[in-house]
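**Student:** Pasting in a structure now, in structure tokens, and then I'll have a few things to ask.
Protein chains: 2
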Amino acid sequence: MLHFIEGGVCAAQGFRAAGVHAGVKTHAAWKKDVALILSDVDCAAAAVFTKNVVKAAPVRVDIAHLFDGKARAIIANSGNANACAPDGEANAERMCAAAAKAVGCQPEDVLVSSTGVIGQRINVEAIEACVPELYAALERSSDASDAAAHAIMTTDTVKKEAAVEAAVGGKTVRLGGIAKGSGMIHPNMGTMLCFLTTDCAISSEMIKTALLETARVSFNRISVDGDTSTNDTCCVLANGLAGNAVIAEKGPDYDAFLDALKTLCTQLAREMAADGEGARHLITCTVQGAKNEESAETISKSVISSTLTKAAIFGSDANWGRVLCAMGYSGEAFDPDKVDVHFASKAGDIQVCAQGRGLAFDEDLARKILMEPEIEINISMQEGTGLCTCWGCDITYDYIKINGDYRT
Amino acid sequence: MLHFIEGGVCAAQGFRAAGVHAGVKTHAAWKKDVALILSDVDCAAAAVFTKNVVKAAPVRVDIAHLFDGKARAIIANSGNANACAPDGEANAERMCAAAAKAVGCQPEDVLVSSTGVIGQRINVEAIEACVPELYAALERSSDASDAAAHAIMTTDTVKKEAAVEAAVGGKTVRLGGIAKGSGMIHPNMGTMLCFLTTDCAISSEMIKTALLETARVSFNRISVDGDTSTNDTCCVLANGLAGNAVIAEKGPDYDAFLDALKTLCTQLAREMAADGEGARHLITCTVQGAKNEESAETISKSVISSTLTKAAIFGSDANWGRVLCAMGYSGEAFDPDKVDVHFASKAGDIQVCAQGRGLAFDEDLARKILMEPEIEINISMQEGTGLCTCWGCDITYDYIKINGDYRT
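Here is the structure:
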């Protein structure tokens with residue numbers, strides 16, 4: 074009975090959200106830039122963060138606040154990353170304190186995230202000043218989720234929002250989330266934020282286990298890796314209001330929950346890849362027959378991260394040689410003479426390489442296939458049973474435009 | 074007395090070169106596409122190749138031909154990489170055989186290189202047909218070096234050619250070379266070829282040692298790494314005609330030769346980075362005070378390979394946060410709070426980050442500095458004495474244009 078539903082980050086019982094304009098984004102007075110997500114009751118909470126050595130202040134604060142595995146609320150802003158910035162941690166703590174005061178909880182029960190320009194002091198006073206308005210605007214509705222989703226956008230062109238419903242332990246459990254991340258076009262890129270909520274009853278330990286396993290097969294399979302920006306954060310709050318027996322160990326209930334979480338996060342991850350900065354095409358690269366899953370993942374990530382492959386897809390050019398080249402420098406050992414490559418989309422499926430050698434193929438059909446917004450690169454290797462799918466996007470003139478003058 | 078001289082790949086005694094149009098580049102009948110470089114006498118020879126698992130046929134043939142550490146000639150073409158192509162090794166051998174027949178040597182004494190599109194059969198018949206014309210055109214002149222340098226260009230906008238003169242063992246020794254590589258804008262990019270000649274007397278073992286050491290600090294410090302295309306090749310022929318005592322071990326003569334080789338190759342490497350596909354700026358990133366040289370190199374390469382940093386430089390945007398971010402995901406451990414960053418060029422020098430925090434700086438001066446064609450990013454880390462310089466370039470609209478439709 075696992076299926077997608079409406080409501081985004083407010084789909085689960087007991088979660089409210091809001092998004093308003095506080096003035097962090099000074100150049101765009103009409104753009105929402107602060108979001109608040111609140112659970113009516115305490116939640117088991119877990120998060121995964123950037124592996125970057127340079128960690129933004131809110132990431133360091135969240136790590137401390139999650140020490141007890143509990144949280145009530147999330148406050149997040151766009152427009153300033155609060156990374157390498159003066160008074161970073163103090164200002165991140167001030168954001169938590171302001172939210173806690175409005176909510177009536179401890180500052181340690183609030184998580185904080187920021188995204189935007191690095192190295193400049195965050196306008197924490199503007200955020201503090203808007204918290205009463207933000208709190209007053211909290212609602213459990215699709216509109217409220219929409220407002221929060223918009224408030225965390227930077228160069229995103231569309232909001233990322235999804236929710237699913239599943240049966241866990243005989244109860245209906247809901248999971249929802251919002252995300253941002255337009256800069257995942259390349260492993261080096263800008264911040265990914267993702268806030269997930271669920272009414273499933275689950276222990277702090279098990280929600281953490283589920284989140285780690287899910288991030289591995291969803292967000293960490295967009296572009297090359299999770300070692301991206303200074304601010305990357307994916308956190309989940311579980312408030313237990315669905316009334317299922319608390320999931321405290323692995324078993325059928327955990328599996329059902331994990332399945333739902335993976336479905337939700339894979340959807341959000343695909344939305345992020347498809348909205349990569351300047352992107353026109355979502356690229357799904359599936360490697361099958363690799364030595365093992367890790368090898369398939371490394372090779373697939375190498376292909377979707379290859380700037381040359383991305384440029385070829387932008388040009389609707391079936392330049393499969395670049396796919397082989399990217400496989401070759403992935404660091405994985407394999408026999409190139411056993412590799413087959415297909416390009417596919419709604420418009421058809423065409424094999425361009427067999428046993429490592431080029432095939433004569435219908436260039437017109439290939440171009441038609443590659444004109445579609447969603448494109449598959451399917452690779453078969455005959456080395457073993459390793460299978461993995463990763464998602465990326467093309468690189469375009471707009472990518473250069475967006476990033477050539479992002480800061481000023 | 075080490076200094077740059079004219080003559081390129083023909084600067085050293087006893088080397089002739091030529092470049093003609095054979096018809097491999099069918100779309101551009103006026104463009105030279107085959108080059109021949111010949112020594113009057115047998116040479117000690119060495120080469121370094123791509124580390125890509127997918128190796129082009131000419132690379133595999135060269136590895137075999139260099140087994141005895143000797144060579145007489147190099148034949149090279151642009152327009153087709155002869156990689157993942159039908160009959161690849163047979164056709165690469167045919168190119169060697171055709172050159173050997175004209176020259177009057179064994180096919181095993183000829184090295185072969187190709188660059189261009191992957192996966193299509195090379196028009197070896199056209200190359201064979203042009204060899205007599207190519208052989209007849211051989212000359213020891215700057216014009217001949219120029220013709221050979223042009224014949225190996227693909228998307229390069231300028232030829233890469235340099236030569237130096239040095240004193241080795243009391244004799245005047247000359248080293249020269251030509252190179253191509255416009256796609257070194259990113260580690261994933263297209264082929265780098267470099268053909269070096271010298272009249273220095275040196276053993277096969279020592280020329281190989283010198284080439285490995287030189288490649289490490291020159292070509293392998295453009296963009297991320299040597300693990301690039303299927304065809305990357307840098308080879309050197311040493312014919313001994315300078316009359317110095319043969320260098321057969323390390324010592325002052327070897328050091329003098331190595332110094333000259335490094336000077337030559339660093340110059341060619343810089344020329345390649347500056348002519349990166351679509352590039353408008355050469356970026357020189359120097360990291361000092363890293364834990365050690367390896368750490369400095371890893372961090373410097375991470376910075377020059379960061380697409381976001383490259384886009385910022387394209388936009389003349391002093392977005393130093395992206396520099397810190399790229400350092401942070403390099404995989405090296407360090408304390409961000411000890412990092413200083415300067416941007417510099419002919420127009421000035423400006424510090425933008427001190428102890429990991431942003432400084433207020435003159436944005437107009439920063440922009441002026443970043444408008445110059447050659448830009449320095451200077452990073453100081455206070456972790457140790459590790460020092461390394463790497464070279465890269467910005468990413469531009471033209472890069473996307475060039476690579477969006479390269480094949481067709």
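Protein sequence lines, in the order shown, are assigned to chains A and B.
Just so it is clear: in the first sequence, position 365 is 438 by my numbering, and no numbers are missing.
Just so it is clear: in the second sequence, position 39 is 112 by my numbering, and no numbers are missing.
Ideal Cβ placement from N, Cα and C applies to all residues, glycine included.
Span of the alpha helix (DSSP H) holding C398 of chain A?
**Tutor:** W393 to G401
**Student:** Going by DSSP, what residues sit across from I448 of chain A in a beta bridge?
**Tutor:** A:I356.
**Student:** Report all residues from its chain with a CB closer than 8 Å to the CB of G299 of chain A; omit the five preceding and five following residues, and keep chain order.
**Tutor:** Because G299 of chain A carries a pLDDT of 38, less than 50, the predicted location of this residue cannot be relied on, and the following value inherits that uncertainty. Cβ neighbours of G299 of chain A beyond the five flanking positions: V121, T123, K124, A288, F292, N293 and D305.
**Student:** Exposed or buried, what is H223 of chain B when buried is set at 16 or more other beta-carbons lying within 10 Å of its beta-carbon?
**Tutor:** buried
**Student:** On a Cα-Cα basis, can you pick out the residue from A:P409, A:L285, A:F407 and A:R440 that is closest to G421 of chain A?
**Tutor:** A:R440
**Student:** Could you tell me which uninterrupted alpha helix (DSSP H) segments, each at least 4 residues in length, are contained entirely in the stretch 403 to 480 of chain B, listed from first to last along the chain?
**Tutor:** Counting only runs of 4 or more, we get 436 to 444 and 470 to 477.
**Student:** Considering only residues of the stretch 99 to 137 of chain B, which uninterrupted alpha helix (DSSP H) runs meet the minimum length of 4 residues and lie entirely inside it, listed in chain order?
**Tutor:** none
**Student:** State whether the stretch 202 to 215 of chain B contacts the stretch 246 to 254 of chain B, with contact taken as three or more CB pairs (one from each stretch) at a distance under 8 Å.
**Tutor:** no
**Student:** Under the three-state reduction of DSSP, which class applies to T227 of chain A: helix, strand or coil?
**Tutor:** coil
**Student:** Name the chain B residues whose beta carbon is nearer than 8 Å to that of P409 of chain A?
**Tutor:** V126, V127 and C157
**Student:** Counting Cβ pairs closer than 8 Å, one from the stretch 170 to 190 of chain A and one from the stretch 137 to 151 of chain A, do we hit at least three?
**Tutor:** yes
**Student:** Considering Cα atoms alone, identify which of B:D326, B:I280 and B:G349 is closest to K232 of chain B.
**Tutor:** B:G349
**Student:** Do V114 of chain B and E166 of chain B have their CB atoms nearer than 9 Å?
**Tutor:** no
**Student:** Are C426 of chain A and W464 of chain A closer than 9 Å when you measure CB to CB?
**Tutor:** no
**Student:** Looking at I78 of chain A: is its Cβ nearer than 9 Å to the Cβ of I110 of chain A?
**Tutor:** no
**Student:** What is the rounded straight-line gap between the Cα of G189 of chain A and the Cα of T380 of chain A?
**Tutor:** 24 Å
**Student:** Could you name each continuous alpha helix (DSSP H) segment of 4 residues or more that falls completely within the stretch 270 to 320 of chain A, going from the start of the chain to the end?
**Tutor:** Runs of the alpha helix (DSSP H) inside the stretch 270 to 320 of chain A: 277 to 290.
**Student:** In this structure, how does DSSP classify L381 of chain B when only helix, strand and coil are distinguished?
**Tutor:** Here L381 of chain B sits in helix by DSSP.
**Student:** Would you identify the three-state DSSP class for G161 of chain A, choosing helix, strand or coil?
**Tutor:** helix
**Student:** Check whether the stretch 95 to 110 of chain B touches the stretch 125 to 132 of chain B, taking contact to mean three or more Cβ pairs, one atom from each stretch, closer than 8 Å.
**Tutor:** no
**Student:** Exposed or buried, which one is D410 of chain B when buried takes at least 16 other CB atoms within 10 Å?
**Tutor:** exposed
**Student:** K323 of chain B and T282 of chain B: beta carbons closer than 9 Å?
**Tutor:** yes
**Student:** Applying the criterion that 16 or more other CB atoms from any shown protein chain within 10 Å of the CB defines a buried residue, is T458 of chain A buried or exposed?
**Tutor:** exposed
**Student:** Report yes if the CB atom of A172 of chain B is closer than 9 Å to the CB atom of L285 of chain B, and no otherwise.
**Tutor:** Taking 9 Å as the Cβ cut-off, A172 of chain B and L285 of chain B do not qualify as a contacting pair.
**Student:** Return helix, strand or coil for Q86 of chain B, following the three-state DSSP convention.
**Tutor:** coil
**Student:** Please compile the residues from chain A whose C-beta is within a distance smaller than 9 Å of the C-beta of T469 of chain B.
**Tutor:** I473 and G477
**Student:** Under the assumption that E447 of chain B contacts L355 of chain B (Cβ atoms under 8 Å), give the Cβ distance between them as a whole number of angstroms.
**Tutor:** 5 Å between Cβ atoms; contact.
**Student:** Thinking C-alpha only, which one of B:T359, B:I468 and B:A384 is nearest S453 of chain B?
**Tutor:** Restricting attention to B:T359, B:I468 and B:A384, the CA atom closest to the CA of S453 of chain B is found in B:T359.
**Student:** Could you check if G404 of chain B is buried or exposed, using at least 16 other CB atoms within 10 Å of its CB as the buried criterion?
**Tutor:** exposed
**Student:** Within a Cβ cutoff of 6 Å, which residues of the same chain sit near K419 of chain B, ignoring the five residues on either side of it in sequence?
**Tutor:** E445
**Student:** Between A90 of chain B and A220 of chain B, is the Cβ-Cβ spacing less than 9 Å?
**Tutor:** yes
**Student:** Just tell me which of A:T228, A:M168, A:D229 and A:L341 has its CA closest to the CA of F268 of chain A.
**Tutor:** The shortest C-alpha to C-alpha distance from F268 of chain A to any of A:T228, A:M168, A:D229 and A:L341 is the one to A:L341.
**Student:** In chain order, what residues of the same chain lie with their CB nearer than 8 Å to the CB of C398 of chain A, ignoring the 5 residues before and after it?
**Tutor:** S379 and L381
**Student:** Using alpha carbons as the reference points, say which of B:A369, B:A385 and B:F407 lies closest to G477 of chain A.
**Tutor:** B:A385
**Student:** Candidates A:V396, A:L266, A:N365 and A:Q361: which alpha carbon is nearest S375 of chain A's?
**Tutor:** A:V396
**Student:** In its own chain, which residues sit with a C-beta less than 6 Å from the C-beta of C338 of chain A, not counting the 5 before and 5 after it?
**Tutor:** T287 and S291
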